[in-house]
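Residues 19 to 432 in our numbering are what the sequence shown spells out, letter by letter.
A short worksheet on the structure shown next.
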Amino acid sequence: MSAHPPIPAASAPSKNETWRGRYAGAVMNTFGTPGRVLVRGQGTRVWDADGKEYIDLLAGIAVNCLGHAHPAVVSAVTEQISTLGHISNLFTSPAQITLAEALTDLVFPVAPQNARVFLANSGTEANEAAFKIARRHGGRARPRILALEDAFHGRTMGALALTHKAAYREPFEPLPGGVEFIPAGDVDALRGALGPDVAALIVEPIQGEAGVRPLPDGYLEAARELTAAAGALLIIDEVQTGMGRTGAWMAHHLLAPGIVPDVVTLAKGLGGGMPIGAAVATGEAAELLGPGQHGTTFGGNPVAAAAALAVIDTIRTEGLLGRITELGDRWAAALEAVPGVTEVRGAGLLRGVGLAEAVGPAAEVAGALERRGFIVNAPRPDTLRLAPPYILADADADAFTATLTDVLTERTAA
Ligand SMILES: *Cc1c(COP(=O)(O)O)cnc(C)c1O
């Protein structure tokens, strides 16, 4: 007997349904069976196994920042895999070194010469590296690490220990110890929690999985000042918000210009679709992991590094940061005027669209939008998330606004 509920079979099952049945029989049930089987992507469009076309406004959850099959990424990856694909960290490559240099400049523009990079393969691994840096800071004299309520930092055991949601954590306890959660955005709570036994505070500048919720103005500045005074590291998780997503290279550059964190973690958009993550540290924090103290077989591999270099070069040469800001602001204003939308949060092309209770659960709204050819998701029951490719055309953004208006109007009337 199958452990999975049967997929309802139509009289002539669609290709999507046939594939979904095979998925349920072969893939661990950690995600539920996805609703659509995608077979192709080009620019801001993807197609499912039955040939239906979608405008992709989620981009693999803030990953495909240049869209699908961008020629710069395709040619960088093709050229690199045809030349030198993998070497381990017993060796290095021009791609790895060039990317590390580029990331020190992007993340720490003021004094990049003091920064160092650890390359990994995902966001959770970037945060594992940051966690280990925090443990090395102060050693046993600083056993406490502070994280924020509603934080999401990943699913491996260390990153999970920094993630707040009980449903993600509890089945896997005991997790690495010493992590305490404080209310997000509450400066007094932070001040109260900090002390000489705290190694680090980790924050997302905009809490992505929590529904695209920016920290209040001034919080990051206060966090920098207070952690520095307590001798604790400030780790900023820019896995979702970094690499131009908000219209600045890093969200903290936009939200708290001038502050210098100790560690910044990146992944998602960094590789434009290739799996890559990075922990970028500066000053003392850049020296805390010594030989033998951390490692990875695939991290910094030439193919993923070449993809990331192509992403950085394309964002720069095509002036995409300005475009993200301009389109993001205009689109947010248009969406805010849609009846049934309560507010639009976030910055640039990372937006949480708050929905009125009358339109029903956001997951149902996302489903209705998908049937009409738009991919978004619902990180909260009252929020849709938009994280489209940076190359999104005005006409496609406008078409989404019009379709959302129709969908919300119908659902309010029903
Ligand atoms: C997605 C995400 C992670 C985890 O990244 P993975 O690549 O899925 O491991 C960590 N932190 C933030 C803020 C994220 O959005």
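Cβ coordinates follow ideal geometry from the N, Cα and C atoms, glycine included.
Keep in mind that this is a model prediction, so the values were computed, not measured.
In terms of side-chain proximity, the C-beta atom of K286 is found nearer than 7 Å to a non-hydrogen atom of ligand 1.
Looking at the backbone, the Cα of T430 and that of E375 are separated by about 9 Å. With 5 Å as the limit, the residues whose C-beta approaches a heavy atom of ligand 1 more closely than that are S140, G141, T142, H171, G172, E222, G226, D255, V257, Q258 and A285, in chain order. In this structure, the alpha-carbon of G372 lies about 43 Å from that of I99. If you look at I99, you'll find it in the alpha helix (DSSP H) that goes P89 to T101. Separation of L84 and G61 (C-alpha to C-alpha, rounded to the nearest whole angstrom) is 7 Å. Rounded to whole angstroms, the Cβ separation of V377 and G391 is 19 Å, and the two are not in contact under 8 Å. Secondary-structure assignment with DSSP links F199 through a beta bridge to A165. Under the Cβ criterion (8 Å, minimum of three pairs), the region 380 to 400 counts as touching the region 65 to 82. Where A355 is concerned, there is no enclosing alpha helix (DSSP H), because DSSP gives it neither an H nor an E. DSSP places N34 in the uninterrupted alpha helix (DSSP H) bounded by K33 to A44. Distance from the CA atom of L124 to the CA atom of W267, rounded to whole angstroms, is 7 Å. Per DSSP, the unbroken beta strand (DSSP E) holding E71 starts and ends at E71 to D74. Collapsing the DSSP output to three states places G301 in a helix. CA-CA distance, G229 to L273, rounds to 18 Å. According to DSSP, residue pairing for A365 in a beta bridge involves L368. For A374, the secondary structure class from DSSP, reduced to helix, strand or coil, is coil. In the structure shown, the three-state DSSP call for I409 is coil. By a beta-carbon distance limit of 8 Å, A211 contacts I200. Their separation comes to about 5 Å. Burial is judged here by how many other beta carbons sit within 10 angstroms of a residue's own beta carbon; N47 has fewer than 16 and is exposed. Of all alpha-carbon atoms in A328, H312 and V278, the one lying nearest the alpha-carbon of G291 is that of A328. Counting along the chain, the unbroken alpha helix (DSSP H) around V383 starts and ends at A380 to R389. Separation of L178 and G195 (C-alpha to C-alpha, rounded to the nearest whole angstrom) is 11 Å.
Scanning its chain for C-beta atoms nearer than 6 Å, with the 5 sequence neighbours on each side dropped, one finds around A120 the residues I330, in chain order. In this structure, the alpha-carbon of R58 lies about 28 Å from that of L117. For G141, DSSP assigns no beta-bridge partner whatsoever.
The residues Q98, L102, S111 and A113, in chain order, have a CB closer than 6 Å to that of P320 in the same chain once the five nearest residues on each side in sequence are set aside. For L288, same chain residues with a beta-carbon under 6 Å away, outside a window of 5 residues either side, are M261, I294 and A326 in chain order. Put simply, of R209, G317, G50 and G172 the residue whose alpha carbon is nearest the alpha carbon of H104 is G317.
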